[in-house]
DNA sequence: CATCCGTGGCG
DNA sequence: TCGCCAAGGAT
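Numbering (UniProt numbering), first residue to last: 1 to 333.
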């Protein structure tokens, strides 16, 4: 019966696969491992719609892993600005340089897993999609589909072991890459979190949750904590058509990204001393585990270690969204 | 195992 | 309007 699930799903995929820029077109040879890897990293916790324009610009600017490996890190960080989870961009550069030095991507799941930024999911996905390996690819889509297919009521994250074992059982020996992408397409378009479209699902007849009557209930998740609201200040220092920008250090919040000087609200210990100046306005922004209310103050003297950035090229600075909002506010005054 | 780490869209 | 959610990884 396990074979039946993958066969139904692959048939459905052959007819309904989404046409995505990182996928090989029908008739083309296997997809370029560089493009598979790049897309998989960009897609970590990020929607297809958000990734598309970044994937296009990255592959145009850096067509190969060697090209990316040769790029200055700050150029890559700036190009990543707005996509979020900036440790991905830091690891992207590290990984590209490692792979370039190796002469290419390793072609096994175990070797891929050793590269920076590739965890269990991405190593399995690249091994299966780019190299045709049989690998068990488990992301949030697969977790949802499998939890419903087998009516696994145990809440996440405790259910992960059970889900992985069920996913292993239905993963076919060949076309594991297509199978993985089919599961993700199914999860993204049919077996969605809020409103599963069971009437169009190729697996509906095998689905235990549907038989039980309430597939949308699964998978069960632990309740989330409410996000606290932090307050902070950022400083707008403008002189001769330029603004003073710093580059945030380290691996923490927005690490490696250009930014306005701030008072250390993100608790990284490298904020500048509190200054007062005209209050230009407030910016509110939500992060994963807290919200920030940022007061934007105009100040006359440059603060901290930074550089003057021409205002007419500010969009090229690569400011993360919080500071892009702050800049928009300041420039509108 | 829990926490940290962005962002934008959707119901 | 707002909580939830997305092709997770590192520590």
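Each residue gets a CB set at the ideal place from its N, CA and C atoms; glycine is no exception.
If you measure between the beta carbons of residue i and residue j, is that distance less than 8 Å?
| i | j | result |
| --- | --- | --- |
| residue 83 | residue 46 | yes |
| residue 330 | residue 236 | yes |
| residue 285 | residue 322 | yes |
| residue 185 | residue 17 | yes |
| residue 65 | residue 99 | yes |
| residue 216 | residue 194 | yes |
| residue 311 | residue 242 | yes |
| residue 220 | residue 306 | no |
| residue 162 | residue 168 | no |
Please look up how many angstroms separate the CB atoms of residue i and residue j, rounded, as I've assumed it's under 8 Å.
| i | j | result |
| --- | --- | --- |
| residue 166 | residue 150 | 5 Å |
| residue 147 | residue 159 | 7 Å |
| residue 145 | residue 121 | No, residue 145 and residue 121 are not in contact; Cβ-Cβ is about 15 Å, not under 8 Å. |
| residue 12 | residue 182 | 7 Å |
| residue 297 | residue 278 | 7 Å |
| residue 105 | residue 37 | 7 Å |
| residue 58 | residue 21 | Not really, about 11 Å apart at Cβ, beyond 8 Å. |
| residue 319 | residue 248 | The Cβ separation is near 11 Å, so there is no contact. |
| residue 126 | residue 63 | Actually they do not touch by this definition, with Cβ atoms about 18 Å apart. |
| residue 227 | residue 289 | 6 Å |
| residue 156 | residue 222 | 7 Å |
First and last residue of the alpha helix (DSSP H) that includes residue i?
| i | result |
| --- | --- |
| residue 215 | Neither: residue 215 is in no alpha helix (DSSP H) and is coded neither H nor E. |
| residue 237 | Segment: none, residue 237 is in no alpha helix (DSSP H) and carries neither H nor E. |
| residue 292 | Taken as a continuous stretch (DSSP letters only), residue 292 belongs to no alpha helix (DSSP H), being part of the beta strand (DSSP E) at 291 to 298. |
| residue 48 | 48 to 61 |
| residue 37 | 33 to 42 |
| residue 325 | 321 to 331 |
| residue 22 | Careful: residue 22 lies outside any alpha helix (DSSP H) and carries neither H nor E. |
| residue 99 | 87 to 102 |
| residue 120 | 120 to 131 |
If I measure Cβ to Cβ from residue i and keep anything under 7 Å in the same chain, skipping five residues before and after, which residues do I get?
| i | result |
| --- | --- |
| residue 333 | 280 |
| residue 313 | none |
| residue 325 | 283 and 285 |
| residue 341 | Residue 341 is absent from the structure shown; the chain starts at 1 and stops at 333. |
| residue 24 | 30 and 31 |
| residue 203 | 5, 8, 9 and 149 |
| residue 14 | none |
As a quick exercise: from the options, pick the residue whose alpha carbon is nearest that of residue i.
| i | options | result |
| --- | --- | --- |
| residue 251 | 106, 87, 224 and 110 | 87 |
| residue 187 | 104, 275, 133 and 142 | 142 |
| residue 292 | 301, 308, 274 and 263 | 263 |
| residue 244 | 36, 135, 299 and 202 | 299 |
| residue 44 | 114, 20 and 119 | 119 |
| residue 4 | 206, 223 and 72 | 206 |
| residue 108 | 224, 102, 123 and 101 | 123 |
Among residues of its own chain, excluding the 5 on either side of residue i, which ones have a beta-carbon nearer than 6 Å to its beta-carbon?
| i | result |
| --- | --- |
| residue 6 | 170, 172 and 179 |
I need the boundaries of the beta strand (DSSP E) containing residue i, first residue and last residue.
| i | result |
| --- | --- |
| residue 177 | Taken as a continuous stretch (DSSP letters only), residue 177 belongs to no beta strand (DSSP E), being part of the alpha helix (DSSP H) at 176 to 189. |
| residue 279 | 278 to 286 |
| residue 309 | 306 to 310 |
Which same chain residues, not among the five before or five after residue i, have their C-beta less than 8 Å away from its C-beta?
| i | result |
| --- | --- |
| residue 164 | 136 and 138 |
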